[in-house]
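With my numbering applied, the sequence shown has no gaps in its numbers, which climb one by one up to 1400 at the end.
Note that CB positions come from ideal geometry on N, CA and C, so glycine has one too.
Here the structure comes first, spelled out in structure tokens, and everything after it is commentary.
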Amino acid sequence: MKFDKIQIRVRYGETDQMGVVYHGNYALYLEMGRIEWLRKLGVSYKSMEENGIMLPVVSLNVNYKKSAGYDDVINVKTQLKNLTNVKIEFEYEITNEKGEILTTASTILVFVDMKSGRPTKVPQYILDLIEN
């Protein structure tokens, strides 16, 4: 699976006084897209952590093109960009119901051993799921 798409309806609490989505909330939308991408692949954050692996974000780049507002339905497309021995990179595109691009973004996450706090190799089961 190279990409996945989810829909989110913007809630009132995610907007500022002008009714526009607060810029910091886009990181949450990206996380929601990434978690669903992994879940549909067959991987859950919860099970990964239970197996001693964390996946923290080490880089986040967001480009804002247009605003989203309260009660808008937005589409978050999450796509695998690159996978190395210890890192996984995603690209995102957030669009509105008209298909207009609101935001583009990218993240880099590192697989980390929870006991040592050090980077670790991508678990084999994740590699197997991505390759199939």
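Use the C-beta contact count for residue i: other C-beta atoms within 10 angstroms, 16 or more gives buried, fewer gives exposed.
i     : result
V1326 : exposed
E1307 : Here residue 1307 is Arg; the residue named in the question, Glu, does not match the sequence. With fewer than 16 other Cβ atoms within 10 Å, it is exposed.
D1281 : Per the sequence shown, the amino acid found at residue 1281 is Gly instead of Asp. That one is exposed.
Specify the secondary structure class of residue i as computed by DSSP and reduced to three states.
i     : result
G1310 : coil
Q1285 : coil
D1396 : helix
Y1290 : coil
M1300 : helix
E1368 : coil
Y1280 : helix
A1295 : helix
M1382 : coil
S1315 : helix
Inspect the beta-carbon positions of residue i and residue j and report whether they are closer than 7 Å.
i     : j     : result
S1287 : Y1338 : Residue 1287 is actually Gly in this sequence, not Ser. The answer is yes: Cβ separation under 7 Å.
E1361 : T1372 : yes
V1341 : R1277 : yes
Y1294 : V1344 : no
T1363 : D1272 : no
How big is the Cα-Cα spacing for residue i and residue j?
i     : j     : result
P1324 : E1365 : 31 Å
K1349 : L1377 : 12 Å
N1400 : S1315 : 20 Å
N1353 : Q1285 : 44 Å
I1303 : A1336 : 21 Å
W1305 : V1330 : 19 Å
H1291 : M1300 : 15 Å
E1317 : M1382 : 8 Å
V1380 : V1390 : 9 Å
Let me check understanding here. Comparing Cα to Cα, which of the options lies closest to residue i?
i     : options                       : result
P1387 : Y1393, I1356, L1370 and S1335 : I1356
Y1393 : M1300, G1292, H1291 and G1310 : G1310
L1351 : I1274, F1271 and L1395        : L1395
G1385 : T1283, S1312, Q1347 and I1321 : I1321
V1289 : L1328, L1370, T1346 and F1271 : L1370
L1328 : Y1313, F1358, S1312 and Q1275 : F1358
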